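Reading through the structure tokens given below for one structure.
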Amino acid sequence: MRSSLQKVATPALRGLHTIVSAPRPQRCFHQTSFTSLPRKRNFFTSNQLMSNDDKNDSSKLTEDAADRPDAQQQEKASASPKRKPVRASAAKTLRLGLTTKSPKRTTSARKDHTASDTDYRRTITSICVAQSFDMEAVQEILRLHGFELDPDGTEFDPTGVVHARGINNGDIFVFPSGTVVAWSVPTDALMTLATKQLIRAAELPHINRLEMEELEFMPDETRDTSYMKGEVVVLGTRAQERENDRLDTTLAKIAFSSGLARSPKLAVLENQAIEYFENSKNSLDFLEGGLEHKLKRNSVLKMTGQLLSLRSQLNHYSDITDQLPDMFWDSESNLENYYNQISTVLDIRQRIGILNKKIDYGFENVSVLREMVSEKYGHRLEWIIIWLIAVEVLFELRRVYREDIIEASSS
Numbered sequence: 009m010r011s012s013l014q015k016v017a018t019p020a021l022r023g024l025h026t027i028v029s030a031p032r033p034q035r036c037f038h039q040t041s042f043t044s045l046p047r048k049r050n051f052f053t054s055n056q057l058m059s060n061d062d063k064n065d066s067s068k069l070t071e072d073a074a075d076r077p078d079a080q081q082q083e084k085a086s087a088s089p090k091r092k093p094v095r096a097s098a099a100k101t102l103r104l105g106l107t108t109k110s111p112k113r114t115t116s117a118r119k120d121h122t123a124s125d126t127d128y129r130r131t132i133t134s135i136c137v138a139q140s141f142d143m144e145a146v147q148e149i150l151r152l153h154g155f156e157l158d159p160d161g162t163e164f165d166p167t168g169v170v171h172a173r174g175i176n177n178g179d180i181f182v183f184p185s186g187t188v189v190a191w192s193v194p195t196d197a198l199m200t201l202a203t204k205q206l207i208r209a210a211e212l213p214h215i216n217r218l219e220m221e222e223l224e225f226m227p228d229e230t231r232d233t234s235y236m237k238g239e240v241v242v243l244g245t246r247a248q249e250r251e252n253d254r255l256d257t258t259l260a261k262i263a264f265s266s267g268l269a270r271s272p273k274l275a276v277l278e279n280q281a282i283e284y285f286e287n288s289k290n291s292l293d294f295l296e297g298g299l300e301h302k303l304k305r306n307s308v309l310k311m312t313g314q315l316l317s318l319r320s321q322l323n324h325y326s327d328i329t330d331q332l333p334d335m336f337w338d339s340e341s342n343l344e345n346y347y348n349q350i351s352t353v354l355d356i357r358q359r360i361g362i363l364n365k366k367i368d369y370g371f372e373n374v375s376v377l378r379e380m381v382s383e384k385y386g387h388r389l390e391w392i393i394i395w396l397i398a399v400e401v402l403f404e405l406r407r408v409y410r411e412d413i414i415e416a417s418s419s
């Protein structure tokens, strides 16, 4: 009896135990949402679609948070000054050898803004338009256009430099290396003078390959001497302002202009070297591809002539490599100092050394190509000689054969 009651009571108690509602503990292994909701099924998953949905939800949350910034942060951001972008100077850009494209045309407002930023009255502009100038013809052209020659009585040899001054008191210095340097002269006026008027006195002009470089200068009325402050020429004008004597100022301008004139002239030669190596790349590609039969003697001779011309222009036919021009030998020591200062700023010596090394490398390539061409023509001559000997042997065999036939027939 007792066993039967136990069999009935045990299932009943189990049912009552399951009916009683007991809260089940939540197992939060990771941090869930703000309302402590259970984990989503894509919390940890390798499913690409589920993970993308999760990323989209998080990106929406970040966008909503970004759309509600604090007012204090806005005030701080508006109060903090904006940093102006650093603008590289024109001289440094040209010295790096970067072949920049011509700037695109902008609106009139932009042109007015740029014109106000670059004041030509505080600008030194140097332009190279020819390999050399006939200085006597230069003086005649300048006199014909109403320029005053040597207005301050510097008494420099006109074969070394010609100083002219226009109506607007802008100074123009013409050098025999085919370079014109202007102080306080508008760029368009200088371009017209150099490419339209003085070009008639040029020897071997290259208007399509002209080079221009600009520097800024700043007059200092408290100093008698001048110096370079970075890439800005500080011009001492105390004697000019107090005693109306412009001789010292003009001499300083000539010294700085003589050093600046070397930079665009050197830039022209650097561009010629770049063009030479680009044109000679095809010949080197022939060797790399094993197509030495496509090398022509005329092309190798042309490359050799270009290198010789480039080296002669750099080291012989101009004063680019001179440590000091002849016209400064008997002058004051300050002029030599000005010349060396601007040459150091423009990296003239380093650029000359680099260009000479490039020319040496070009001569090494040309010597290899010349040996290849001469070897190719030598092999051709050898084969011609071999064929001539073979023809001669055939003719000799023919003669011997005919003689044998004649002897046999006579006997």
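All letters in the sequence shown, in the order written, are residues 9 to 419 by our numbering.
Glycine residues also receive a C-beta, built at the ideal position from the N, C-alpha and C atoms.
Please read these numbers as outputs of a predicted model, since none were measured by experiment.
Could you spell out where the alpha helix (DSSP H) holding Ile500 opens and where it closes? Not covered by the structure: residue 500. The range shown for the chain is 9 to 419.
Can you grab the Cα-Cα spacing for the pair Ser320 / Leu363, in whole Å? Cα to Cα, the separation comes out at about 12 Å.
What is the DSSP secondary structure of Ile262, counted as helix, strand or coil? The three-state secondary structure of Ile262, taken from DSSP, is helix.
Of the choices Asn252, Ile356, Ile180, Leu212, whose alpha-carbon is the least far from that of Ser317? Distances from the CA of Ser317 to each of Asn252, Ile356, Ile180, Leu212 were compared; the closest alpha carbon is that of Leu212.
Three Cβ pairs or more, each shorter than 8 Å: is that satisfied between the stretch 202–211 and the stretch 143–151? Contact between the stretch 202–211 and the stretch 143–151 is present, because at least three Cβ pairs lie under 8 Å.
To the nearest angstrom, how far is it from the Cα of Arg305 to the Cα of Ile393? Cα-Cα distance, rounded: 21 Å.
Would you grab the beta carbon distance between Val240 and Asp228 for me? Rounded to a whole angstrom, and I think it's under 8 Å. The beta-carbon separation of Val240 and Asp228, rounded to 11 Å, does not stay under the 8 Å limit for a contact.
According to DSSP, is Gly244 helix, strand or coil? Strand, per DSSP.
How big is the Cα-Cα spacing for Gly244 and Ala269? Roughly 21 Å between the two C-alpha positions.
Touching by the beta-carbon criterion (3+ pairs, under 8 Å), the stretch 153–163 and the stretch 258–277: The stretch 153–163, when compared against the stretch 258–277, does touch it at the 8 Å Cβ threshold.
Quick one: grab the DSSP three-state call for Pro166. Coil, per DSSP.
Per DSSP, His324 forms a beta bridge with which residues? Looking at the DSSP assignment, His324 forms no beta bridge with any residue, so it has no partner.
As assigned by DSSP and simplified to three states, the class of Leu212: Leu212 sits in a strand when the DSSP states are folded into three classes.
To the nearest angstrom, report how far apart Gln248 and Leu255 are at their CA atoms. Going from the Cα of Gln248 to the Cα of Leu255 covers about 8 Å.
Ser351 versus Arg357 - alpha carbon distance: C-alpha separation (whole angstroms): 8 Å.
DSSP-derived helix/strand/coil call for Glu156: Glu156 falls in the strand class under three-state DSSP.
Measuring straight from C-alpha to C-alpha, what distance separates Ala73 and Met236? Because Ala73 carries a pLDDT of 45, less than 50, the predicted location of this residue cannot be relied on, and the following value inherits that uncertainty. Their backbone Cα atoms lie some 53 Å apart in a straight line.
Between the Cα of Thr258 and the Cα atoms of Ser185, Ile180, Met311, Val276, which residue gives the shortest distance? Checking every option, the nearest Cα to that of Thr258 belongs to Ile180.
Just reading off the beta strand (DSSP E) that Leu198 is part of, what are its end residues? Bounds of any beta strand (DSSP E) do not take in Leu198; it lies within the alpha helix (DSSP H) bounded by 195–200.
Taking its Cβ as the centre, do 16 or more other Cβ atoms sit within 10 Å of Lys384, making it buried, or is it exposed? Exposed: under 16 other Cβ atoms inside 10 Å.
When we look at the beta-carbon of Thr200 and count the other beta-carbons within 10 Å, is it buried (16 or more) or exposed? Under a 10 Å Cβ-count criterion, Thr200 is classified as exposed, with fewer than 16 other Cβ atoms of the shown protein chains found around its own Cβ.
Please state the DSSP three-state secondary structure of Thr352. Residue state, collapsed to three classes: helix.
Coarse secondary structure for Asp253, derived from DSSP in three states: In this structure, Asp253 counts as coil in the three-state DSSP scheme.
What does the alpha-carbon distance come out to for the pair Leu183 and Tyr347? Note on identity: in this sequence residue 183 is Phe, with Leu being the wrong assignment. Our two residues, Phe183 and Tyr347, have alpha carbons roughly 15 Å apart in a direct line.
Secondary structure at Lys289, three-state DSSP: helix, strand or coil? Lys289: helix per DSSP, three-state reduction.
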